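What follows is a set of notes on a single structure, which appears directly below.
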Amino acid sequence: MTSSYDVAIIGGGPAGAVAGALLAEAGHDVALFEAMDFPRFHVGESLVPAVNATLDRVGVLEAMESRGYTRKHGVQFHTPKGATRPFYFSEASNADLHHTWQVLRSDFDGMLLDAARQAGVAVSMRTRVVEVVESDGAVRGVRIKRDGGEADVAARVVLDASGYASSLARRLGQRRTIAGLENGSLFAHYKDVRRDTGIDAGSTLIFRLSDGAWLWLIPLPETVSVGLVAPAKSLASYGTTQAEILGAAIAQSEPLSERLANATRTTDVLFARDFTYRAECDGGVGWALLGDALGFIDPIYSTGLFLSLLSAELGASAVGAALSNGSDRPDLAGFSEKYQGAFGQFLALVRAFYTPDFHFGQLAKDPANRRGLVDLLTGDVGTQWAVKVANTIRASIAGATEMGS
Numbered sequence: 002m003t004s005s006y007d008v009a010i011i012g013g014g015p016a017g018a019v020a021g022a023l024l025a026e027a028g029h030d031v032a033l034f035e036a037m038d039f040p041r042f043h044v045g046e047s048l049v050p051a052v053n054a055t056l057d058r059v060g061v062l063e064a065m066e067s068r069g070y071t072r073k074h075g076v077q078f079h080t081p082k083g084a085t086r087p088f089y090f091s092e093a094s095n096a097d098l099h100h101t102w103q104v105l106r107s108d109f110d111g112m113l114l115d116a117a118r119q120a121g122v123a124v125s126m127r128t129r130v131v132e133v134v135e136s137d138g139a140v141r142g143v144r145i146k147r148d149g150g151e152a153d154v155a156a157r158v159v160l161d162a163s164g165y166a167s168s169l170a171r172r173l174g175q176r177r178t179i180a181g182l183e184n185g186s187l188f189a190h191y192k193d194v195r196r197d198t199g200i201d202a203g204s205t206l207i208f209r210l211s212d213g214a215w216l217w218l219i220p221l222p223e224t225v226s227v228g229l230v231a232p233a234k235s236l237a238s239y240g241t242t243q244a245e246i247l248g249a250a251i252a253q254s255e256p257l258s259e260r261l262a263n264a265t266r267t268t269d270v271l272f273a274r275d276f277t278y279r280a281e282c283d284g285g286v287g288w289a290l291l292g293d294a295l296g297f298i299d300p301i302y303s304t305g306l307f308l309s310l311l312s313a314e315l316g317a318s319a320v321g322a323a324l325s326n327g328s329d330r331p332d333l334a335g336f337s338e339k340y341q342g343a344f345g346q347f348l349a350l351v352r353a354f355y356t357p358d359f360h361f362g363q364l365a366k367d368p369a370n371r372r373g374l375v376d377l378l379t380g381d382v383g384t385q386w387a388v389k390v391a392n393t394i395r396a397s398i399a400g401a402t403e404m405g406s
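Following our numbering from start to finish, the sequence shown increments by one per residue and tops out at 406.
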């Protein structure tokens with residue numbers, strides 16, 4: 002292996018793979034180190050339409066159809082009082098953002114990593130980064146461990162896309178958990194689930210429970226993903242085992258229980274932390290955080306992959322510009338300004354969802370507000386309607402919660 006690169010990337014998930022592909026296509030020498038082997042199971046199967054442009058930039062958009070992923074045209078929320086009017090992406094300001102997909106992450110993540118390889122990224126699997134190498138106040142590379150041996154790899158820039166476990170985010174990024182959103186999730190896949198038809202066949206369905214917790218249903222090609230999100234400290238109130246907890250929560254939702262009446266679970270019930278957090282510092286001299294290392298927000302609006310890929314594009318652009326200008330010590334602090342703005346808008350929506358006295362139905366009666374909500378649900382955060390409705394939501398719940406943005 003070459004011992005010196007322009008860019009070293011920690012983590013082969015979507016953020017790392019996309020950043021690597023974009024930088025390699027721009028002519029930079031890029032190495033990527035992934036601790037695990039692929040394929041791997043991963044939650045976070047629902048996309049928003051704004052990611053389609055990123056998928057096109059790395060050359061995988063056409064493959065989204067050929068791989069048989071489920072087309073997603075909208076989102077529908079079910080409250081304890083009944084179903085609400087669906088939000089269809091076709092109502093958005095941008096007519097190009099009318100659909101996206103529900104994906105199997107084991108396949109989707111591998112496809113993006115293959116795109117990085119094809120772009121010229123040197124990908125090393127089963128290779129753990131055990132230390133970030135620093136010198137004279139700058140990050141200068143990484144120390145890797147593979148097959149029992151260690152080696153140093155020099156790089157002008159290190160991009161940490163290693164997710165929640167990122168040691169760089171904890172040490173230099175000053176990660177902060179956002180109070181009131183310390184949730185956990187339990188999830189599994191099921192077969193023989195009753196599905197909707199027509200344009201609703203691929204919609205994400207959200208079922209709110211009376212205690213403020215909620216369940217998702219995401220239609221996949223052969224199975225359906227079902228999950229529970231609730232305050233981590235209250236999960237045990239549903240049952241003893243993970244299967245019992247998820248089953249008890251499902252039983253509290255009549256419309257979801259009806260859909261699962263003849264279903265069979267095909268996977269174990271798995272647990273994930275869904276704490277909402279963000280890094281106070283996004284980068285520095287020779288380093289930057291991407292994807293879940295930079296931040297994570299509650300999955301109610303399926304914004305995880307959108308924010309991850311947005312950070313990857315912004316990071317790749319900032320790094321590419323710095324390296325092209327000949328900088329040997331590029332300072333990447335502040336590269337994620339656009340990401341931070343989007344994070345703040347989604348955080349307002351998340352806060353509103355968990356605010357008992359806030360009612361999206363009332364807000365959406367105004368056509369301009371509804372248009373803004375749909376724009377946000379597509380990931381098109383910069384439209385005048387999206388900005389307006391996010392500001393309206395902030396004002397409505399100000400004083401009830403600390404916004405964290």
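The C-beta atom is built at its ideal place from N, Cα and C for all residues, glycine as well.
Since this is a predicted model, take the numbers as computed values, not measurements.
By Cβ distance below 6 Å, which residues in the same chain neighbour I200 in space, the five residues on each side in sequence not counted?
Looking up residue 200 in the sequence shown gives position 199. These residues qualify, in order along the chain: H74.
DSSP three-state label for A231, please.
Counting from 1 along the sequence shown, the entry for residue 231 is found at position 230. Here A231 sits in strand by DSSP.
Whole-Å CB distance - L324 paired with R157, under 8 Å assumed:
Locating residue 324 in the sequence shown gives position 323, counting from the first residue. Locating residue 157 in the sequence shown gives position 156, counting from the first residue. Yes, they are in contact, since the Cβ atoms of L324 and R157 sit about 6 Å apart, within 8 Å.
For E132, list the residues DSSP reports as bridge partners.
Sequence index remark: in the sequence shown, residue 132 carries index 131 (1-based). BP columns for E132 point to R144.
Decide if the segment 58 to 76 is in contact with the segment 162 to 175; the criterion is three or more beta carbon pairs, one per stretch, under 8 Å apart.
no
Need the endpoints of the beta strand (DSSP E) that V270 sits in, please.
Within the sequence shown, the letter at position 269 stands for residue 270. Taken as a continuous stretch (DSSP letters only), V270 belongs to no beta strand (DSSP E), as it is neither H nor E.
To the nearest angstrom, how far is the alpha carbon of I145 from that of W217?
The residue you call residue 145 lines up with position 144 of the sequence shown. The residue you call residue 217 lines up with position 216 of the sequence shown. One C-alpha to the other measures close to 38 Å.
Delimiting residues of the alpha helix (DSSP H) encompassing N392
Indexing the sequence shown from 1 puts residue 392 at position 391. Its alpha helix (DSSP H) spans residues 385 to 398.
Paired residues, beta bridge with R195 - DSSP
Reading the sequence shown from its first residue, position 194 is the one you call residue 195. DSSP, once it has assigned bridges, lists no residue as partnering R195.
Going by Cα to Cα distance, which pick from N53, A233, R129, G296 is closest to H100?
Against the sequence shown, residue 100 aligns to sequence position 99. Nearest of N53, A233, R129, G296 to H100, Cα basis: N53.
Would you call the segment 314 to 329 in contact with the segment 361 to 370, where contact means no fewer than 3 C-beta pairs closer than 8 Å?
no
How many angstroms separate the CA atom of S211 from the CA atom of P81?
The residue given as residue 211 occupies position 210 in the sequence shown. The residue given as residue 81 occupies position 80 in the sequence shown. Whole-angstrom Cα-Cα distance: 6 Å.
For D110, I'd like the list of residues in its chain whose CB is within less than 8 Å of its CB, leaving aside the five on either flank, ordered along the chain.
Locating residue 110 in the sequence shown gives position 109, counting from the first residue. Closer than 8 Å at Cβ, skipping near neighbours: G13, G14, P15, A18, F39, P40, R41, H43.
Using a Cβ-Cβ cutoff of less than 7 Å, which residues in the same chain neighbour G316 once the five nearest sequence positions on both sides are dropped?
Sequence index remark: in the sequence shown, residue 316 carries index 315 (1-based). Closer than 7 Å at the Cβ level, and outside the excluded window around G316, lie A20, L160, A289, L291, F336.
Going by the DSSP bridge assignment, what does F188 pair with across the sheet?
For the purposes of this step, residue 188 is identified with residue 187 of the sequence shown, where counting begins at 1. The partner list for F188 (beta bridge, DSSP) reads G228, L271.
Measuring straight from C-alpha to C-alpha, what distance separates A202 and E223?
As a first step, residue 202 is located in the sequence shown; it is residue number 201 there, counting from the start. As a first step, residue 223 is located in the sequence shown; it is residue number 222 there, counting from the start. A202 and E223: Cα-Cα distance of roughly 13 Å.
Using beta-carbon positions only, say whether A9 and A116 come within less than 8 Å of one another.
By 1-based counting over the sequence shown, the position of residue 9 is 8. By 1-based counting over the sequence shown, the position of residue 116 is 115. No, they are not a contact pair.
Output the boundary residues of the beta strand (DSSP E) element that contains S168.
For this step, residue 168 is matched to residue 167 along the sequence shown. Not the beta strand (DSSP E): S168 falls in the alpha helix (DSSP H), residues 168 to 172.
Closest by CA to T205, which one among S5, Q103, R352, V59?
As a working mapping, residue 205 is identified with position 204 in the sequence shown. Comparing Cα positions, the closest option is Q103.
I298, DSSP secondary structure in three states:
By 1-based counting over the sequence shown, the position of residue 298 is 297. In this structure, I298 counts as coil in the three-state DSSP scheme.
What do you get for V31, buried or exposed, if any count of 16 or more other CB atoms within 10 angstroms of its CB means buried?
For the purposes of this step, residue 31 is taken as the residue at position 30 of the sequence shown. With 16 or more Cβ atoms within 10 Å of its Cβ, V31 is classed as buried.
Examine the Cβ distances between the segment 136 to 151 and the segment 281 to 288 and report whether three or more of them are shorter than 8 Å.
yes
Buried or exposed for A25, going by 16 or more other Cβ atoms inside 10 Å?
Translated into positions along the sequence shown, residue 25 becomes position 24. Classification for A25: buried.
Could you tell me the alpha carbon to alpha carbon distance between T242 and A189, rounded to whole angstroms?
Counting from 1 along the sequence shown, the entry for residue 242 is found at position 241. Counting from 1 along the sequence shown, the entry for residue 189 is found at position 188. Whole-angstrom Cα-Cα distance: 14 Å.
Which residues does DSSP pair with H79 in a beta bridge?
What you label residue 79 is simply residue 78 of the sequence shown in a count that begins at 1. Answer is A84, F208, bridged to H79.
What does the alpha-carbon distance come out to for the pair D299 and V133?
The count along the sequence shown starts at 1 and reaches residue 299 at position 298. The count along the sequence shown starts at 1 and reaches residue 133 at position 132. Cα to Cα, D299 sits roughly 29 Å from V133.
How far does the alpha helix (DSSP H) with L310 in it reach, from first residue to last?
Within the sequence shown, numbered from 1, the residue matching residue 310 stands at position 309. First-last of the alpha helix (DSSP H) with L310: 305 to 325.
Option in V49, L105, S258, R106 with minimal Cα separation from A93
Here residue 93 refers to the residue found at position 92 of the sequence shown. When each option's Cα is compared against that of A93, the closest is V49.
Compare the Cα-Cα distances from Q346 to each of G213, D358, R330, A396 and report the closest residue.
One-based indexing of the sequence shown puts residue 346 at position 345. Residue A396 is the option with its Cα nearest to Q346.
Whole-angstrom Cβ separation of F344 and G296, contact assumed at under 8 Å?
Indexing the sequence shown from 1 puts residue 344 at position 343. Indexing the sequence shown from 1 puts residue 296 at position 295. Confirmed, about 6 Å.
Assuming S186 and A273 are in contact, meaning their beta carbons sit under 8 Å apart, how far apart are those beta carbons, in whole angstroms?
Locating residue 186 in the sequence shown gives position 185, where the first residue counts as 1. Locating residue 273 in the sequence shown gives position 272, where the first residue counts as 1. Rounded, the Cβ-Cβ distance is 5 Å, consistent with contact.
Residue burial classification, N263 (beta-carbon count within 10 angstroms, cutoff 16):
In the sequence shown, the residue the question calls residue 263 occupies position 262. Looking at its Cβ environment, which holds fewer than 16 other Cβ atoms inside 10 Å, N263 is exposed.
Please state whether DSSP places P256 in a helix, a strand or coil.
Here residue 256 corresponds to residue number 255 of the sequence shown, with the count starting at 1. Correct three-state label for P256: helix.
Would you list the one or two residues that DSSP bridges to A64?
Indexing the sequence shown from 1 puts residue 64 at position 63. According to DSSP, A64 bridges with nothing at all.
Opposite F276 in the DSSP bridges: which residues?
Mapped onto the sequence shown, residue 276 falls at position 275. For F276, which the question treats as bridged, DSSP gives the partners E183.
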